[in-house]
Amino acid sequence: MKLATWNVNSIKIRLPQLLEWLAQKRPDAVCLQETKVDDDNFPVLELQAAGYRPLYFGQRTYNGVALLTRAEATDVIRGIPGYEDEQKRVLSASVDGLRIVCTYVPNGQSVDSDKYRYKLAWLDAFQRWLSRELKTHPKLAVLGDFNIAPEERDVHDPRLWEGRVLFSKPERTAFRALLDAGMKDSFRLFDQPERSFTWWDYRMNAFKRNLGLRIDHILLSDALAGEATSSSIASELRAVERPSDHAPVLTELQ
DNA sequence: ATGGCTTAAAAATTAAGA
Numbered sequence: 081m082k083l084a085t086w087n088v089n090s091i092k093i094r095l096p097q098l099l100e101w102l103a104q105k106r107p108d109a110v111c112l113q114e115t116k117v118d119d120d121n122f123p124v125l126e127l128q129a130a131g132y133r134p135l136y137f138g139q140r141t142y143n144g145v146a147l148l149t150r151a152e153a154t155d156v157i158r159g160i161p162g163y164e165d166e167q168k169r170v171l172s173a174s175v176d177g178l179r180i181v182c183t184y185v186p187n188g189q190s191v192d193s194d195k196y197r198y199k200l201a202w203l204d205a206f207q208r209w210l211s212r213e214l215k216t217h218p219k220l221a222v223l224g225d226f227n228i229a230p231e232e233r234d235v236h237d238p239r240l241w242e243g244r245v246l247f248s249k250p251e252r253t254a255f256r257a258l259l260d261a262g263m264k265d266s267f268r269l270f271d272q273p274e275r276s277f278t279w280w281d282y283r284m285n286a287f288k289r290n291l292g293l294r295i296d297h298i299l300l301s302d303a304l305a306g307e308a309t310s311s312s313i314a315s316e317l318r319a320v321e322r323p324s325d326h327a328p329v330l331t332e333l334q
């Protein structure tokens, strides 16, 4: 079973690339972030024609998540239950015996901003909810744009980024708390090339120079981690005409 | 020169991303 996540930075702009990629890779479940459309404008028909059943939880202009599955998904939950949030960032469902959580973690803007405080409070609520979910759904996968580079090797220049948003100590501690709740970073279950990243700034030829961060992740519950057979970053999608600034991440289960 | 692109809003700029 192939699981994938991709921050598309507007599903409207990226739909042709998404459809081509789905046809090539045929993932069984795909989590999308920053769809940037309300639910009335989600491209349902195009994705159905491609063989996928779309679930979506969006808003105009900002945020928005979606889950595309080839098999039927059930028990759909939107948002973090019990956590009031105007922003559409979490979508969960069961498919093929797995519980899948799609997430778009707040960016945080800068460490001295209200958005950063919102990010940390949001992550605390997310972790506490996932800890409970893991008890009822031992086979759990959490996929998405976490907006956190967990370790120094996930940052092109750790000295430059130390203490900045996406790589500050409180954010890395919050990411560690997610793993400590009973999950593994599937990308790190396997040998990987050095300087592997999932996001590159649009400016400064950052992709060509590989000045990136690894901030998009596929976490697998401890019960599921043993079933993983590979994990990789589809960086070729960052090299196309008019790319998203994020590349997809793929993890395959036996 | 906290810039450099890209997107969505709206009709020129602004906000936001990371």
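Take 81 as the starting number for the first sequence in my numbering and just add one per residue. The beta-carbon is built from N, C-alpha and C at its ideal position, and this holds for glycine as well.
Reducing DSSP to helix, strand and coil, say where residue i ends up.
i	result
residue 110	strand
residue 256	helix
residue 324	coil
residue 200	helix
residue 190	coil
residue 221	strand
residue 274	coil
residue 309	strand
residue 98	helix
Suppose you measure from the CA of residue i to the CA of residue j; what does that come to, to the nearest Å?
i	j	result
residue 332	residue 248	30 Å
residue 176	residue 187	31 Å
residue 178	residue 213	12 Å
residue 124	residue 145	14 Å
residue 84	residue 110	5 Å
residue 327	residue 92	17 Å
residue 251	residue 166	22 Å
Once the 5 residues before and after residue i are set aside, which same chain residues still bring their CB inside 8 Å of it?
i	result
residue 286	280, 292
residue 299	221, 222, 223, 258, 259, 263, 264, 265, 266
residue 119	136, 137, 138
residue 284	291
residue 318	280, 287, 324, 325, 326, 327
For residue i, count neighbouring C-beta atoms within 10 Å of its own C-beta (all shown protein chains included) and say buried if the count is 16 or more, exposed if not.
i	result
residue 237	exposed
residue 334	exposed
residue 215	exposed
residue 107	buried
Closer than 7 Å by C-beta to residue i: which residues in its own chain qualify, once you throw out the five before and the five after it? Chain order, please.
i	result
residue 217	179
residue 276	294, 313
residue 351	No answer is possible for residue 351: it lies beyond the span of the chain, which begins at 81 and ends at 334.
residue 225	87, 113, 184, 185, 295, 296, 326
Compute the distance between the beta-carbons of residue i and residue j, then report whether it is under 7 Å.
i	j	result
residue 116	residue 141	yes
residue 230	residue 255	yes
residue 261	residue 193	no
residue 320	residue 296	no
residue 203	residue 227	no
residue 303	residue 219	yes
residue 101	residue 160	no
Leaving aside the five residues before and after residue i along the sequence, list all residues of the same chain whose C-beta is less than 6 Å from its C-beta, in chain order.
i	result
residue 305	264
residue 94	88, 324
residue 133	149
So does residue i have its beta carbon nearer than 6 Å to some heavy atom of the ligand MG?
i	result
residue 173	With respect to small molecules bound, the structure shown includes none, and the ligand MG cannot be examined in it.
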